[in-house]
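Asker: What follows is a single structure, and I will ask about it in a moment.
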Amino acid sequence: MPINLVKVKLYHDNIFEVEEVTKSSYQVYGEEKNPALNSVKKLNKEIKVYTEQELLQRGSEEVQELYYSIKENITSWDDSIKVGASKLYVFFKRKTNFCDISIGKNQLKLWLNYNYGELNDSKNLFRNVKKVGHHGNGDYEIIIKDDKDLEYIPV
């Protein structure tokens with residue numbers, strides 16, 4: 024994930040100025056003599072940024088349609104919901120992730136960021152993963168292979 028660098032100046036009466044620092048506005052001295060800076064440069068070249076589209080390519084056409092249906096539903100709640108990708112899943116967040124979706128060839132694995140016992144799961148479709156290692160956030164996991172129970176899932 025790219026990092027934006029900003030310079031903040033605080034004036035009297037709590038007035039402040041925020042200026043984005045760009046590559047052309049700063050200069051690093053002594054690069055050739057500092058091996059730590061060279062290793063940071065190498066590392067920056069190796070960092071992989073994952074995208075939603077790359078993760079979607081893992082799934083079949085049916086799984087992709089199912090994912091887009093869920094995504095459309097989630098993002099329709101609030102304009103502040105952000106969609107991002109990690110190595111293993113797509114996440115939906117406001118301040119923190121509240122839903123994570125791993126895209127498989129024939130299924131979606133969805134995690135909801137609730138503590139176990141907070142979600143009313145009358146159909147017992149969700150699995151308690153509180154004490155099980157898992158990739159997403161939260162204690163609830165469900166595997167979705169078709170759209171038959173989408174109305175039941177609180178996303």
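Residue numbers for the sequence shown follow the numbering used here, beginning at 24 and rising by one.
Note that the Cβ used here is the ideal one computed from N, Cα and C, for glycine as well.
(1) Measuring CB to CB, does Asn129 end up less than 8 Å from Lys71?
(2) For Ile176, tell me which candidate among Lys110, Ile124 and His157 has the shortest Cα-Cα distance.
(3) State the Cα-Cα distance for the pair Leu28 and Asp170, rounded to the nearest angstrom.
(4) Quick check on the DSSP output: the beta strand (DSSP E) that includes Val113 runs from which residue to which?
(5) In this structure, how does DSSP classify Asp144 when only helix, strand and coil are distinguished?
(6) Whole angstroms are fine: how far does the CA of Val44 sit from the CA of Ile30?
(7) Under the rule that 16 or more other beta-carbon atoms within 10 Å means buried, what is Glu88, buried or exposed?
(8) If you draw a straight line from the alpha carbon of Ile26 to that of Gly140, how long is it in whole angstroms?
(9) With distances taken from CA atoms, which of Glu77, Gly161 and Val41 is nearest Trp134?
(10) In whole angstroms, what separates the C-alpha of Glu42 from that of Asp36?
(11) Just the Cα atoms here: how many angstroms apart are Gly107 and Ser99?
(12) Measuring CB to CB, does Ile126 end up less than 8 Å from Phe115?
(13) Under 8 Å Cβ to Cβ from Ser103, same chain only, skipping five residues before and after it: list those, please.
(14) Can you list, in chain order, the residues of its chain whose CB lies under 7 Å from that of Phe149, leaving out five sequence neighbours each side?
(15) For Tyr90 versus Gly82, is the C-beta spacing smaller than 8 Å?
(16) DSSP on Ile167, reduced to helix/strand/coil?
Answerer: Judging by the given coordinates:
(1) Counting from 1 along the sequence shown, the entry for residue 129 is found at position 106. Counting from 1 along the sequence shown, the entry for residue 71 is found at position 48. Their beta carbons are not under 8 Å apart, which means Asn129 does not touch Lys71 by this criterion.
(2) As a working mapping, residue 176 is identified with position 153 in the sequence shown. Ile176 has its Cα closest to that of Ile124, out of Lys110, Ile124 and His157.
(3) What you label residue 28 is simply residue 5 of the sequence shown in a count that begins at 1. What you label residue 170 is simply residue 147 of the sequence shown in a count that begins at 1. The straight-line gap from Cα to Cα measures roughly 43 Å.
(4) In the sequence shown, residue 113 corresponds to position 90, counting from 1. First-last of the beta strand (DSSP E) with Val113: Val113 to Lys116.
(5) By one-based count along the sequence shown, residue 144 stands at place 121. DSSP places Asp144 in coil when its eight states are reduced to three.
(6) Locating residue 30 in the sequence shown gives position 7, counting from the first residue. Locating residue 44 in the sequence shown gives position 21, counting from the first residue. Strictly speaking, residue 30 in this sequence is Lys, with Ile absent from that position. Distance between the alpha carbons of Lys30 and Val44 is about 7 Å.
(7) Counted from its first residue, the sequence shown places residue 88 at position 65. Its Cβ having fewer than 16 others within 10 Å, Glu88 is exposed.
(8) On the sequence shown, residue 26 is found 3 positions in, with the first residue counted as 1. On the sequence shown, residue 140 is found 117 positions in, with the first residue counted as 1. Approximately 37 Å between the Cα atoms of the pair.
(9) Residue 134 sits at position 111 when you count from the first residue of the sequence shown. The residue with the shortest Cα to Cα distance from Trp134 is Gly161.
(10) Counted from its first residue, the sequence shown places residue 42 at position 19. Counted from its first residue, the sequence shown places residue 36 at position 13. Roughly 19 Å between the two C-alpha positions.
(11) By 1-based counting over the sequence shown, the position of residue 107 is 84. By 1-based counting over the sequence shown, the position of residue 99 is 76. Distance from the CA of Gly107 to the CA of Ser99, rounded to the nearest whole angstrom, comes to 16 Å.
(12) If you number the sequence shown from 1, residue 126 lands on position 103. If you number the sequence shown from 1, residue 115 lands on position 92. It is not a contact, given that the beta carbons lie outside the stated cut-off.
(13) As a working note, residue 103 is residue 80 in the sequence shown. Arg117.
(14) Position 126 of the sequence shown, counting from 1, holds the residue named residue 149. Contacts found: Leu142, Tyr163, Glu164 and Ile165.
(15) Counting from 1 along the sequence shown, the entry for residue 90 is found at position 67. Counting from 1 along the sequence shown, the entry for residue 82 is found at position 59. Their beta carbons are under 8 Å apart, which means Tyr90 touches Gly82 by this criterion.
(16) On the sequence shown, position 144 is the one that residue 167 refers to. Three-state result, Ile167: strand.
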